[in-house]
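Peer 1: Sharing a structure with you now.
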Amino acid sequence: MSKRVSLFVTCIVDQVFPHVGLAIADVLEGLGYQVEFPQSQTCCGQPAFNSGFWEDAKGVARHFLDTFEGSDYIVAASGSCTAMCGHHFADLFSGDAAMLERVHRLEARVFEFSRFLLEVAKVEDLGARFEHTVTYHDSCHALRELGIKAGPRRLLSKVKGLTLKEMDIAEECCGFGGTFSVKFPDVSGGMAKTKVDSIVKTGATHVVSIDSSCLMQLQGTILRAGLPLKTMHLAEVLASK
Amino acid sequence: MNPIPVEAIQKAVGDARLQTAIYSSTARLIDKRRNAVDPFGWDEFQELRSQANAVKKHAIENLDHYLELLEKNVTARGGKVIWCRTASEAVQFITGLAKEKGVRRIVKSKSMTTEEIDLNEHLEREQIDVVETDLGEYILQLAKEKPYHIVAPALHKTRYDVADLFSDKLAVDREEDIERQTQIARRVLREKFLTADLGITGANFLIADSGAVVLVENEGNARLSSSAPRIQIAVAGFEKIIPRAQDLATFLKILGRSATGQPLTVYTSFLSGPRRPGEIDGPEEFYLVLVDNGRSKLLADENKRQSLYCIRCGACLNHCPVYRKIGGHNYPWVYSGPIGAIISPQFHGLTRDPWLPYASSLCGACAEVCPVKIDIPKVLLELRAGITQAKQREGAGAWERRGFRLFSFVMQRPRLYEFATTMASAFFPGERGKWLRTLPAILQLPPLRGWLSQRDLPPPAEESFRAQWRNRQRMRGRA
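Line order of the protein sequences matches chains V and B. Going by this note's numbering, the first sequence opens with residue 1, and the numbers climb by one from there. Going by this note's numbering, the second sequence opens with residue 1, and the numbers climb by one from there.
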């Protein structure tokens, strides 16, 4: 079995949260994987796809396919971006048999980070220590398009010193939704406040997720409200010693 | 092209009392649904959803056959089927019949299709007294409002609102107790039932092989509306068709559970034509008004046709975080929530309210609960793709289009991407690592302004991941 993985850090991690990408690399290298970062990677094209600009999204998707053509495993730092290449590339190229063949080959190789740990590396305990009370935010695309629900919680349950307190509405959207957050700022902001209220009620000091975009939305809202909460990507928790 | 109703949305989101009313009512419906679905076990309920989806798919794809069969069977039972291509054809038939038959009072039970064709307004214009008999609809009729929700039309009204309304409109003492409020409405409505000449209902299902109209309800008002008056009209969109009576069991199991968390609603009525010789009650005349009003346009598109599978349970509204913030009246048509967001543009054309399919974070909560498995987010995405093309044809939305063309151009060129992002990062104001609360006016472009109106903004990292990664590999090479 190949021990070579290619990181897809996503554009938001590349530009805003680089430490998340480094944490993922650390965890994977700690498991003996040879981690590569294909330098020509940019974005999965989801912003254009979700906004209805499918031709523009196709160009980006083609570039993505070219970039990761030779990779054995692609580990992505986001559930949402994984769903984009793992599910929606097929929507983009529906009717184009040649492209669909490439897309289906990609689908079998691309994994969201927590799923890769559990299903490919087959580890639950990464020897991490994080002495805080955390709550887990289910990001919508990971939950509903990838079916990721128990996995990240199982990984968190093995972290020494960590207490997991569930929210009453862990599965409710944080309100980010890409361009939705700026097209409908009042609605998006209202959704974030509802979510943050639920986080506060748990008494957790940290909210953990596998999508940095949700965490950006939540952290921005938390800071605006002047709350002492922190947001963390799962990889950062698992890389803590 | 109507713009986003920004002010109305802000007003709804900022109204604490309204927010509590919407949030608590929908939360209650969510809980009730969960409690009704859980005993089934995940797999069995999924199986029911798949069955329902398969039946609807089959019915919609063989619509011509089943509608003809329905007409044949309704006619054989002594009823009449009236085919209406447009809303005005339906309205004209109903008002015409009412006038011809000397109808002075009509009792109506809850029907979204009659809301869709603005039937009440037209009947009132003809000086006919038309009374809504579903409690929620009656409240809204008194308040002169459209339904806020497909199933719970007065969901946004608290009992205090109703107390004010009843004392104002019905000349009764102010009463805040819900049970007593119900008694007041019941007293008024009983008299209307007994003196009405015509009863109008909707239809939850139209059964092709038996020619029956099925009504599902809890208050008994649909049963009374369809049995007390001498003339009976059922108004239905043609997509309510199901092929066989035996298919009904699947739908009854999922509809009550999805809508109100009930294993079965209190009343399930079957209307099958007028009173037959020897029967002592039932209407003397029975009409089924089948409405197209744009539905046949939806049949053409293979991916979006599933929008017609909807059985109007309202579960997608209850679970939609956007509906729960903006409420039912900010949607441009009587159908609100996720289902409204996918059917309204298909009925009215993509460019009438081009913002509507974008009013979703694509969270997928709607599709997760839809009892007939309509892939609402997928239809939203398809509609968005259609809207960008329609806007381009009409010469609108140029800035956004240019923006995404630039996005696509840059994202296919890694060096340009790195150069552009490094430049943006270098010139980005503020302290590294410290989130921004505001930006200089020149940078307050719509996307950033929208973001900052609600939350703080993270600045770009001092060094991107790729730059840090190169350093890391270089250091390792040296070590």
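Even glycine gets a Cβ: it sits at the ideal position worked out from N, Cα and C.
Starting from Cys-242(V), trace the alpha helix (DSSP H) in both directions and tell me its first and last residue.
Peer 2: With chain V running from 1 to 241 in the structure shown, residue 242(V) is simply not present.
Peer 1: Name the chain V residues that come within less than 7 Å of Lys-325(B), Cβ to Cβ?
Peer 2: What you label residue 325(B) is simply residue 325 of the second sequence in a count that begins at 1. Those within 7 Å of Lys-325(B) in chain V are Val-187, Gly-190 and Met-191.
Peer 1: Interface residues of chain B around Asp-56(V) at Cβ under 8 Å?
Peer 2: Translated into positions along the first sequence, residue 56(V) becomes position 56. The contacting residues are Phe-404, Arg-405, Phe-407 and Ser-408.
Peer 1: Within 10 angstroms of its Cβ, does Pro-228(V) collect 16 or more other Cβ (buried), or is it exposed?
Peer 2: Position 228 of the first sequence, counted from the first residue, corresponds to residue 228(V). It counts as exposed.
Peer 1: Rounded to the nearest angstrom, how far is the Cβ of Cys-43(V) from that of Val-60(V), given a contact under 8 Å?
Peer 2: Counted from its first residue, the first sequence places residue 43(V) at position 43. Counted from its first residue, the first sequence places residue 60(V) at position 60. Going by Cβ atoms, the distance from Cys-43(V) to Val-60(V) rounds to 6 Å, so yes, they are a contact pair.
Peer 1: Using a Cβ-Cβ distance cut-off of 9 Å, determine whether Arg-478(B) contacts chain V.
Peer 2: Mapped onto the second sequence, residue 478(B) falls at position 478. Cβ-Cβ to chain V under 9 Å: no for Arg-478(B).
Peer 1: Measure how close the beta-carbons of Val-334(B) and Glu-115(B) come, nearest whole angstrom, since I'm counting them as under 8 Å.
Peer 2: The residue labelled residue 334(B) in the question sits at position 334 within the second sequence. The residue labelled residue 115(B) in the question sits at position 115 within the second sequence. With a Cβ gap of about 4 Å, Val-334(B) and Glu-115(B) count as contacting.
Peer 1: Which residues in the same chain have their Cβ closer than 6 Å to the Cβ of Met-99(V), if we skip the five residues on either side of it in sequence?
Peer 2: Stepping through the first sequence from its first residue, residue 99(V) is reached at position 99. Taken in chain order, the residues that qualify are Phe-93.
Peer 1: Please tell me whether Leu-123(B) and Ile-106(B) are closer than 9 Å, where the distance is taken between their beta carbons.
Peer 2: The sequence position of residue 123(B) within the second sequence is 123, counting from 1. The sequence position of residue 106(B) within the second sequence is 106, counting from 1. Yes, Cβ-Cβ distance for Leu-123(B) and Ile-106(B) is below 9 Å.
Peer 1: Of all the beta strand (DSSP E) runs that stay within the bounds of the stretch 153 to 224 of chain V, which reach a length of 3 or more residues?
Peer 2: Taking only runs of at least 3 residues, the beta strand (DSSP E) segments lying wholly in the stretch 153 to 224 of chain V are 206 to 209.
Peer 1: Nearest by alpha-carbon distance to Val-208(V): which of Tyr-136(V), Gln-39(V) and Val-120(V) is it?
Peer 2: Your numbering for residue 208(V) matches position 208 in the first sequence. Of the candidates Tyr-136(V), Gln-39(V) and Val-120(V), the one whose C-alpha sits nearest the C-alpha of Val-208(V) is Tyr-136(V).
Peer 1: Given a cut-off of 9 Å, decide if Leu-215(V) and Thr-231(V) are closer than it, judged by their beta-carbon atoms.
Peer 2: In the first sequence, residue 231(V) corresponds to position 231, counting from 1. In the first sequence, residue 215(V) corresponds to position 215, counting from 1. Contact: yes.
Peer 1: In three-state terms, what does DSSP make of Lys-230(V)?
Peer 2: Within the first sequence, numbered from 1, the residue matching residue 230(V) stands at position 230. Three-state result, Lys-230(V): strand.
Peer 1: Please classify Glu-285(B): does DSSP put it in a helix, a strand, or coil?
Peer 2: Mapped onto the second sequence, residue 285(B) falls at position 285. Strand at Glu-285(B).
Peer 1: By Cβ distance below 6 Å, which residues in the same chain neighbour Glu-71(B) in space, the five residues on each side in sequence not counted?
Peer 2: Sequence index remark: in the second sequence, residue 71(B) carries index 71 (1-based). The answer, listed in chain order, is Val-81.
Peer 1: Looking at the C-beta of Ser-361(B), does it have a partner C-beta in chain V at a distance below 9 Å?
Peer 2: Translated into the one-based positions of the second sequence, residue 361(B) becomes position 361. At least one chain V Cβ lies under 9 Å of Ser-361(B).
Peer 1: Quick test of your reading: Ile-210(V) and His-233(V), contact by CB under 8 Å. State the CB separation rounded to the nearest angstrom.
Peer 2: As a working note, residue 210(V) is residue 210 in the first sequence. As a working note, residue 233(V) is residue 233 in the first sequence. Contact holds; Cβ gap of about 7 Å.
Peer 1: Just curious, the beta strand (DSSP E) that Ser-6(V) is in, first and last residue?
Peer 2: For the purposes of this step, residue 6(V) is taken as the residue at position 6 of the first sequence. Its beta strand (DSSP E) spans residues 4 to 8.
Peer 1: Are the beta-carbon atoms of Val-235(B) and Thr-388(B) separated by less than 9 Å?
Peer 2: Along the second sequence, one-based indexing puts residue 235(B) at 235. Along the second sequence, one-based indexing puts residue 388(B) at 388. Their beta carbons are not under 9 Å apart, which means Val-235(B) does not touch Thr-388(B) by this criterion.
Peer 1: Give the secondary structure of Ile-22(B) by DSSP, where H, G and I count as helix, E and B as strand, and everything else as coil.
Peer 2: Looking up residue 22(B) in the second sequence gives position 22. In the structure shown, Ile-22(B) sits in a helix (DSSP, three-state: H, G or I).
Peer 1: In this structure, what does DSSP give as the bridge partners for Phe-89(V)?
Peer 2: What you label residue 89(V) is simply residue 89 of the first sequence in a count that begins at 1. Answer is none; Phe-89(V) lacks a bridge partner.
Peer 1: Would you report the Cα separation of Gly-395(B) and Ser-157(V), rounded to the nearest angstrom?
Peer 2: Taking the second sequence and counting its residues from 1, the one referred to as residue 395(B) is at position 395. Taking the first sequence and counting its residues from 1, the one referred to as residue 157(V) is at position 157. C-alpha separation (whole angstroms): 54 Å.
Peer 1: Is the beta carbon of His-87(V) closer than 9 Å to that of Leu-362(B)?
Peer 2: Indexing the second sequence from 1 puts residue 362(B) at position 362. Indexing the first sequence from 1 puts residue 87(V) at position 87. The answer is no: Cβ separation not under 9 Å.
Peer 1: Specify the secondary structure class of Thr-422(B) as computed by DSSP and reduced to three states.
Peer 2: As a position in the second sequence, residue 422(B) is number 422, starting the count at 1. In the structure shown, Thr-422(B) sits in a helix (DSSP, three-state: H, G or I).
Peer 1: Given a limit of 7 Å on CB to CB distance, which residues of the stretch 80 to 108 of chain V reach chain B?
Peer 2: Within the stretch 80 to 108 of chain V, no residue has a Cβ that lies closer than 7 Å to any Cβ of chain B.
Peer 1: Run the proximity test for Ala-98(V): is its beta-carbon closer than 8 Å to any non-hydrogen atom belonging to the ligand HEM?
Peer 2: Among the components modelled here there is no ligand, and therefore nothing to report on the ligand HEM.
Peer 1: My parser needs the alpha helix (DSSP H) runs of 4 or more residues fully inside the stretch 197 to 285 of chain B; what are they?
Peer 2: For the stretch 197 to 285 of chain B, whole alpha helix (DSSP H) runs of length 4 or above, ordered along the chain, are 221 to 225 and 248 to 260.
Peer 1: Would you say Thr-261(V) lies against chain B (beta-carbon separation less than 9 Å)?
Peer 2: There is no way to answer for residue 261(V), as the model of chain V reaches only from 1 to 241.
Peer 1: Is it true that the stretch 2 to 15 of chain B meets the stretch 108 to 118 of chain V, where meeting means three or more beta-carbon pairs spaced less than 8 Å apart?
Peer 2: Contact between the stretch 2 to 15 of chain B and the stretch 108 to 118 of chain V is absent, because fewer than three Cβ pairs lie under 8 Å.
Peer 1: Does the count of Cβ pairs from the stretch 285 to 300 of chain B and the stretch 343 to 350 of chain B closer than 8 Å reach three?
Peer 2: Counting Cβ pairs under 8 Å, three or more are found: they touch.
Peer 1: Can at least three beta-carbon pairs, one atom from the stretch 44 to 55 of chain B and one from the stretch 372 to 390 of chain B, be found at a separation below 8 Å?
Peer 2: With a cut-off of 8 Å, the stretch 372 to 390 of chain B and the stretch 44 to 55 of chain B count as touching, because enough Cβ pairs lie within range.
Peer 1: Is any beta-carbon of chain V found at less than 9 Å from that of Ser-296(B)?
Peer 2: In the second sequence, the residue the question calls residue 296(B) occupies position 296. Not an interface residue.
Peer 1: List the residues of chain V that Tyr-267(B) touches, going by C-beta distances under 8 Å, in chain order.
Peer 2: Indexing the second sequence from 1 puts residue 267(B) at position 267. Under the 8 Å cutoff, chain V gives no residues; its nearest Cβ is about 34 Å from Tyr-267(B).
Peer 1: Give me the chain B residues within the contact set of Asp-138(V), using Cβ-Cβ distance strictly less than 9 Å, ordered along the chain.
Peer 2: As a first step, residue 138(V) is located in the first sequence; it is residue number 138 there, counting from the start. Those within 9 Å of Asp-138(V) in chain B number zero; the least Cβ separation is about 10 Å.
Peer 1: Between the Cα of Ala-259(B) and those of Gln-306(B), Ala-245(B), Asn-204(B) and Pro-283(B), spot the shortest distance and give me the residue it belongs to.
Peer 2: Position 259 of the second sequence, counted from the first residue, corresponds to residue 259(B). Of Gln-306(B), Ala-245(B), Asn-204(B) and Pro-283(B), the residue nearest in Cα terms is Asn-204(B).
Peer 1: Can you check DSSP and say which residues form a bridge with Ala-25(V)?
Peer 2: Against the first sequence, residue 25(V) aligns to sequence position 25. Answer is none; Ala-25(V) lacks a bridge partner.
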